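> Mapped onto the numbering used here, the consecutive letters of the sequence shown carry residue numbers 19 to 144.
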Amino acid sequence: MTDALWVVGQLLIGAGVLFFLAGSLGLIRFPDVYARLHALTKADNLGLGLICLGLALQAQGLAEAVKLLLIWGLMLAASGIGATLIASTAMACGITPRTSAHASSDAGSGQGGDGLPAAQEEGVRK
19 MTDALWVVGQ LLIGAGVLFF LAGSLGLIRF PDVYARLHAL TKADNLGLGL ICLGLALQAQ
79 GLAEAVKLLL IWGLMLAASG IGATLIASTA MACGITPRTS AHASSDAGSG QGGDGLPAAQ
139 EEGVRK
């Protein structure tokens, strides 16, 4: 392995870690389950892809590199399926996506930012 491949691999791994941090920040900061899922699935899939690609560039052989890329492909499928199941369950439980109308009506009301109180109130009104 050349020094250039090692440096590029390290840069890709570092970029992947930054995407993981961005996804984790989205999990903490976004207001509802749907936005949080979006942040996690997009940022973490890209972060894992960059890390796997960086590690594949540093792998000793082709078999190791292919295994790392296979791990990334399997995680892409698994996270997409998992996010769909979580979003479907949230929708079936009556948790609606947060809209600008929810944001303005919840402002200053002391309600949590997870979308649950607004969805529960709508269920009571119906």
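Think of the CB as a built atom: it goes at the ideal place given N, C-alpha and C, for glycine as much as any other residue.
Keep in mind that this is a model prediction, so the values were computed, not measured.
1) Which ranges would you report for the alpha helix (DSSP H) in the segment 75-119 if only whole runs of at least 4 residues count?
2) Label Val-84 either buried or exposed according to how many other C-beta atoms from any shown protein chain fall within 10 Å of its C-beta, with 16 as the threshold for buried.
3) Please classify Ile-46 as buried or exposed, where buried requires at least 16 other C-beta atoms within 10 Å of its C-beta.
4) Under a three-way DSSP split, which group does Phe-37 fall into?
5) Can you tell me whether Thr-20 is helix, strand or coil according to DSSP?
6) For Ser-118, tell me which candidate among Ile-31, Asp-50, Cys-111 has the shortest Cα-Cα distance.
7) Look at the alpha carbon of Leu-23 and the alpha carbon of Ala-96, and state the distance between them as a whole number of angstroms.
8) If we count Cβ pairs, one from each stretch, closer than 8 Å, do we get three or more for the segment 56-69 versus the segment 22-39?
9) Buried or exposed: which applies to Asp-21, given that a residue is buried once 16 or more other Cβ atoms fall within 10 Å of its Cβ?
10) Whole angstroms are fine: how far does the CA of His-56 sit from the CA of Leu-94?
11) Between the C-alpha atoms of Gln-108 and Gly-98, what's the straight-line distance to the nearest angstrom?
Reading off the structure:
1) 80-110
2) exposed
3) exposed
4) helix
5) coil
6) Asp-50
7) 29 Å
8) yes
9) exposed
10) 13 Å
11) Checking the sequence shown, residue 108 turns out to be Ala, not Gln. If you take the alpha carbons of Ala-108 and Gly-98, they lie about 15 Å apart.
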